[in-house]
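Undergrad: Could you have a look at this structure, given as structure tokens, before my questions?
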Amino acid sequence: MPDVINADGTIRQDNWVVVPRPEEGESLAIPSDQPALIPADLWLAGYEHFAGNDQIGVWFDSHDEPEIIADRVNELPLIGVNFPRFVDGRGYSIARLLRERFGYRNELRAIGDVLLDQLQFMKRCGFDSYALRPDKDINHAATCLNFFSQGYQAATDTDLPLFRRRAG
Amino acid sequence: MYVYDEHDRQMAAERVAQFRDQTRRALAGELSEEEFLPLRLQNGLYVQRHAPMLRICVPYGMLRSDQLRRLARITRDYDKGYAHFTTRQNVQLNWPALEDVPDILADLAEVEMHANQTSGNCIRNTTTDQFSGVQADEIADPRPYCEIIRQWSTFHPEFAFLPRKFKVAVNASEKTDRAAIRIHDIGLQMVRNDAGELGFRVHVGGGLGRTPMVGPVIRDFLPELDLLTYLEAVLRVYNRYGRRDNKFKARIKILVKALTPEGFAEKVEAEWAHIKDSPTRLTPDAIERMKGFFTEPPYEALENAMDLLARQRFENRGFDQWLSHNVDVHKKPGYAIVTLTLKKTGTPPGDVTDQQLEQIADLADEYSFGEVRVTHHQNVVLADVRQDRLLELWETITPMGFGTANLNTLTDIICCPGGDYCALANAKSIPVAEAIQRRFDDLDYLYDLGNIDLNISGCMNACGHHHVGNIGVLGVDKKGEEFYQVSLGGSSHHDADIGKILGPSFAREDMPEVIAKIIDVYVDQRTEEEEFLDTYRRIGIKPFKERVYA
Ligand code: HEM
Ligand code: SF4
């Protein structure tokens, strides 16, 4: 089973698979024996069928709009946000919207081109698990998550920007 | 000036440790060149024609004397003993070695400096008017707000991988604009509303480069407490919807244009409605606290030294010229604002040696409460000089090369490093600046010509702001040879405008003559009170074209 990184840098095994968007004319290839993340719009389209299934979660690509499931986020056990290339920063905004605007409380996972030096930003934006690209050294993740002991801004991880902490 | 507390110091140290680790992994081959690129850029490190280039941040242009001395030492220890002041109020080193950069950053952190976010697709150094806090007509001192923006944007977790770089500038006077806010991604003009409350008029989508644009207004009044939440809304809309498929269409200006300013403003307002009252909303307390760092220095109660200065000017023509051009009015009686020009003919605009950096530090300590400001015109300002010491200061700086009395004239050229340093250049720019300075070496003639912005860039990236020069010069490549295209009528001030191209480009050796012909048209056609730009706006480009291509 592949490893995923937890927000505290520890590593655990996990068997969720990411089901790619099917080509024209093909249907979703959901495995029968493993929990699966499917494209969020397809989950919504098949809502009658998928609702309540705790083996099904959704994933968003970086250009997708998380607004489409705004009022249903907590029905999902796991949401993935894809970073097609690590320099595509849209996933950070998607994560904050899911957490801060739509109130998503379950697990939020970074998938795709996930590298070590971006983990700290992902964590601050509300991701709490990370599927590191397999060629990267997973044992260095804890170090990279913890270079900074604090930040200047409020984000998903804190309601207290430094200017408010300084006042206290 | 802002002083770090334990939080700032801790984060600065953590940043150095992080970059040390990243550099180690890059050198060990654990990070590919592509993966390391944005990490090093966000620590100021470019890889250039001759060597890496390190861009050190000077937040909104403010430097203390101990920081100048540290910069001098760094240029000696790690570089070739000189540095370059940039058009965004920063400092660049041209020859550091990659493996030394973590040590340089550690040396900088000791004096509360860094190179964070000076390159890369993130929020860059916030810039402002170099006369902040000492000019009589500003709405309020913009520097506390610049520092608030600096802290908010530093290591912002959501906006470290934007479609493209992002620059914010703040201007505080309603009569002048020395910060060129309308050619920034966000330009903030401080204003007071009818109720007398402080806020900002928000321009978005200005910028130079390949598609130059003047930023339209998307909000007439933003209350000061809402500054950060509104910026966050603008950035979020840009981060989500800015183009990422084409580097040349990725700046926010392209998005603003595509959506129209009204359409863009609507999206921002809709986003802002959600986060307006979030914890990011500033508090009066936070602003007051920040203002506490930008208090007045211990000025003495003085009278204006009119009689003394009149006598000194009468006796010394060089001093008289310098006083008229390089010295500005201060809000406090008895004080003056002095601009040290880094535009001596034969020296690349903005370049200083390690020794000169130390001289500037000494001047700051002796004459100006230990602080200086860097200008986007690549000069350095002593903001608080006693009027009765101006003559002494002038005599001191003249042999140092800082007394060239050409501020705001044709030879106070903004010039990018160009082909001498920059791998992206189509053509050299420094030798063109020098040839023009040599051709126009008569100060009286320059004064007669009045204020003229002449800006030179070595390629379309427009680091030298050529589009907004009254006269702009752009290096172009014609079948492998260096040529120069000229544009007229640009402005970076309140009346910001993009210059119009005059016509076919010229060889380098013809450039001084071309500029001379353009100037001749102005001299022939101007009325008594007209500056170059006024005449151009009245008569249009045609007479210039006819003379230059005759
Ligand atoms: C020597 C290495 C340098 C390189 C490789 C470089 C590269 C670039 C590039 C690629 C752009 C265009 C960005 C865009 O279109 O979005 C740019 C813009 C700019 N650069 Fe540089 N630059 C260098 C040095 C400098 C220096 C020394 C200055 C100051 C004198 C400077 C000031 C600027 C400014 C003000 C802009 C942009 C204006 C705008 O588009 O809003 N750069 N630079
Ligand atoms: S304008 Fe072009 S040549 Fe000049 S520094 Fe910028 S990228 Fe280099």
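As you go down the protein sequences, you meet chains F and W in turn.
For the record, in the first sequence the residue sitting at position 136 is 142 according to the working numbering, with numbers rising by one throughout.
For the record, in the second sequence the residue sitting at position 53 is 1083 according to the working numbering, with numbers rising by one throughout.
Ideal placement from N, C-alpha and C gives every residue a C-beta, glycine not left out.
1. Here's a check: name, in chain order, each residue in its chain whose Cβ is nearer than 7 Å to the Cβ of V1578 of chain W, leaving out the five neighbours to either side.
2. With distances taken Cα to Cα, identify the nearest neighbour of A1300 of chain W among W:P1314, W:V1267, W:T1290 and W:F1432.
3. Is Q1072 of chain W closer than 8 Å to C1152 of chain W when the C-beta atoms are compared?
4. Would you call the region 1432–1451 of chain W and the region 1363–1376 of chain W in contact, with 3 or more CB pairs under 8 Å?
5. So, are the CB atoms of R1106 of chain W and D1384 of chain W less than 8 Å apart?
6. Would you mind stating whether C1489 of chain W and N1456 of chain W have Cβ atoms separated by less than 8 Å?
7. My output table needs one value for C1493 of chain W: the three-state DSSP class, helix, strand or coil.
8. Secondary structure at A147 of chain F, three-state DSSP: helix, strand or coil?
9. Roughly how many whole angstroms lie between the Cα atoms of F1349 of chain W and Q1342 of chain W?
10. Run through the DSSP bridge pairs and tell me what G52 of chain F is partnered with.
11. Under 8 Å, do D1414 of chain W and V1088 of chain W count as touching if we go by C-beta distance?
12. Keeping to the same chain, check which residues put their C-beta closer than 6 Å to that of R105 of chain F; ignore five residues upstream and five downstream.
13. So which residues of chain W does V79 of chain F contact, with C-beta pairs closer than 7 Å?
14. In this structure, how does DSSP classify L1123 of chain W when only helix, strand and coil are distinguished?
15. If you draw a straight line from the C-alpha of F1399 of chain W to the C-alpha of G1505 of chain W, how long is it?
16. Taking contact to mean 3 or more Cβ pairs, one atom from each stretch, closer than 8 Å, check whether the region 1270–1284 of chain W and the region 1229–1242 of chain W are in contact.
17. With respect to 7 Å, is the separation between the Cβ of P1082 of chain W and the closest non-hydrogen atom of the ligand SF4 below this value?
18. On the CB-based measure, 16 or more other CB atoms within 10 Å of its CB, does G58 of chain F come out buried or exposed?
19. Quick check: V64 of chain F and W49 of chain F, are their CB atoms within less than 8 Å of each other?
20. Taking contact to mean at least 3 C-beta pairs separated by less than 8 Å, is the region 1520–1532 of chain W in contact with the region 1449–1464 of chain W?
21. Under 7 Å Cβ-Cβ, which residues of chain F neighbour R1270 of chain W?
22. At a Cβ cut of 9 Å, what residues of the region 133–156 of chain F count as close to chain W, listed as they run along the chain?
23. Taking the runs of the alpha helix (DSSP H) that are 4 residues or longer, which of them lie wholly in the region 1256–1327 of chain W?
24. Would you verify that the beta carbon of L125 of chain F is, or is not, closer than 8 Å to some beta carbon of chain W?
25. Taking only runs of the alpha helix (DSSP H) that begin and end inside the region 1376–1459 of chain W, which ones reach a length of at least 4 residues, in chain order?
26. Tell me the start and end of each unbroken beta strand (DSSP E) in the region 1475–1563 of chain W that is at least 3 residues and wholly inside, in chain order.
27. Answer yes or no: the CB of P1379 of chain W versus the heavy atoms of the ligand SF4, is any distance below 7 Å?
28. Round the Cβ separation of L1523 of chain W and T1157 of chain W to the nearest angstrom and send it over; I've been treating them as touching at under 8 Å.
29. May I have the straight-line CA-CA distance separating N1491 of chain W from G1239 of chain W, to the nearest angstrom?
30. When Cβ atoms are compared, which residues of the region 1140–1154 of chain W fall closer than 8 Å to chain F?
31. Are three or more beta carbon pairs between the region 1286–1305 of chain W and the region 1240–1252 of chain W nearer than 8 Å?
32. Is it the case that the Cβ atoms of D134 of chain F and L114 of chain F are separated by a distance below 8 Å?
33. Which residues does DSSP pair with W65 of chain F in a beta bridge?
34. With which residues is H1144 of chain W paired in a DSSP beta bridge?
35. With hydrogens ignored, establish whether the beta-carbon of R1454 of chain W is closer than 7 Å to any heavy atom of the ligand SF4.
36. With respect to the alpha helix (DSSP H) encompassing L103 of chain F, which residues constitute its N-terminal and C-terminal limits?
TA: If we stick to the structure as given:
1. Position 548 of the second sequence, counting from 1, holds the residue named residue 1578 of chain W. For V1578 of chain W, where only same-chain residues beyond five positions count, the Cβ hits under 7 Å are L1532, V1544, K1547 and I1548.
2. Position 270 of the second sequence holds residue 1300 of chain W. Minimum Cα distance to A1300 of chain W is reached at W:V1267.
3. Here residue 1152 of chain W is taken as the residue at index 122 of the second sequence, counted from 1. Here residue 1072 of chain W is taken as the residue at index 42 of the second sequence, counted from 1. Their beta carbons are under 8 Å apart, which means C1152 of chain W touches Q1072 of chain W by this criterion.
4. Taking a cut-off of 8 Å for Cβ pairs, the region 1432–1451 of chain W and the region 1363–1376 of chain W touch, as three or more such pairs fall below it.
5. On the second sequence, position 76 is the one that residue 1106 of chain W refers to. On the second sequence, position 354 is the one that residue 1384 of chain W refers to. Cβ distance < 8 Å, so R1106 of chain W and D1384 of chain W count as in contact.
6. Position 459 of the second sequence, counted from the start, is the residue given in the question as residue 1489 of chain W. Position 426 of the second sequence, counted from the start, is the residue given in the question as residue 1456 of chain W. Yes, they are a contact pair.
7. To locate residue 1493 of chain W, count along the second sequence from 1; it is residue 463. Coil, per DSSP.
8. As a first step, residue 147 of chain F is located in the first sequence; it is residue number 141 there, counting from the start. A147 of chain F: helix per DSSP, three-state reduction.
9. Numbered from 1 along the second sequence, position 319 holds the residue referred to as residue 1349 of chain W. Numbered from 1 along the second sequence, position 312 holds the residue referred to as residue 1342 of chain W. The C-alpha of Q1342 of chain W is placed about 8 Å away from the C-alpha of F1349 of chain W.
10. Sequence index remark: in the first sequence, residue 52 of chain F carries index 46 (1-based). Checking the DSSP bridge columns, you'll see G52 of chain F has no partner listed.
11. Within the second sequence, the letter at position 384 stands for residue 1414 of chain W. Within the second sequence, the letter at position 58 stands for residue 1088 of chain W. Against a cut-off of 8 Å, the Cβ pair of V1088 of chain W and D1414 of chain W comes out as no contact.
12. For the purposes of this step, residue 105 of chain F is identified with residue 99 of the first sequence, where counting begins at 1. The answer, listed in chain order, is G132 and T162.
13. Taking the first residue of the first sequence as position 1, residue 79 of chain F is located at position 73. Ordered by position in chain W, no residue passes the 7 Å Cβ test against V79 of chain F, which lies about 15 Å from the chain.
14. As a position in the second sequence, residue 1123 of chain W is number 93, starting the count at 1. If DSSP states are grouped into helix, strand and coil, L1123 of chain W belongs with the strands.
15. Within the second sequence, numbered from 1, the residue matching residue 1399 of chain W stands at position 369. Within the second sequence, numbered from 1, the residue matching residue 1505 of chain W stands at position 475. So the alpha carbons of these two residues sit roughly 41 Å apart.
16. yes
17. In the second sequence, residue 1082 of chain W corresponds to position 52, counting from 1. No, the beta carbon of P1082 of chain W sits no closer than 7 Å to any heavy atom of the ligand SF4.
18. Locating residue 58 of chain F in the first sequence gives position 52, where the first residue counts as 1. G58 of chain F comes out exposed.
19. Here residue 64 of chain F refers to the residue found at position 58 when the first sequence is read from its first residue. Here residue 49 of chain F refers to the residue found at position 43 when the first sequence is read from its first residue. The answer is yes: Cβ separation under 8 Å.
20. no
21. Residue 1270 of chain W sits at position 240 when you count from the first residue of the second sequence. Here the neighbours are R96 and S99.
22. K142, D143, H146, T149, C150, F153, F154, S155 and Q156
23. 1257–1271, 1282–1289, 1291–1305 and 1314–1321
24. Against the first sequence, residue 125 of chain F aligns to sequence position 119. It does not: the Cβ of L125 of chain F has no partner Cβ on chain W nearer than 8 Å.
25. 1384–1397 and 1420–1427, all fully within the region 1376–1459 of chain W.
26. 1484–1487, 1501–1508 and 1511–1518
27. The sequence position of residue 1379 of chain W within the second sequence is 349, counting from 1. Outside the cutoff, so no.
28. Within the second sequence, the letter at position 493 stands for residue 1523 of chain W. Within the second sequence, the letter at position 127 stands for residue 1157 of chain W. Correcting the residue type first, residue 1523 of chain W is His in the shown sequence and not Leu. Not really, about 15 Å apart at Cβ, beyond 8 Å.
29. Here residue 1491 of chain W corresponds to residue number 461 of the second sequence, with the count starting at 1. Here residue 1239 of chain W corresponds to residue number 209 of the second sequence, with the count starting at 1. So the alpha carbons of these two residues sit roughly 4 Å apart.
30. N1151
31. yes
32. Working through the first sequence from its first residue, we reach residue 134 of chain F at position 128. Working through the first sequence from its first residue, we reach residue 114 of chain F at position 108. In this structure, D134 of chain F lies near L114 of chain F, with their beta-carbon atoms less than 8 Å apart.
33. Along the first sequence, one-based indexing puts residue 65 of chain F at 59. Paired residue(s): F:P45 and F:G86.
34. The count along the second sequence starts at 1 and reaches residue 1144 of chain W at position 114. Residue pairing by DSSP places H1144 of chain W opposite W:C1087 in a beta bridge.
35. Here residue 1454 of chain W corresponds to residue number 424 of the second sequence, with the count starting at 1. The question names Arg, but residue 1454 of chain W in the sequence shown is Leu. The ligand SF4 has a heavy atom closer than 7 Å to the beta-carbon of L1454 of chain W.
36. Locating residue 103 of chain F in the first sequence gives position 97, counting from the first residue. Taken as a continuous stretch (DSSP letters only), L103 of chain F belongs to no alpha helix (DSSP H), as it is neither H nor E.
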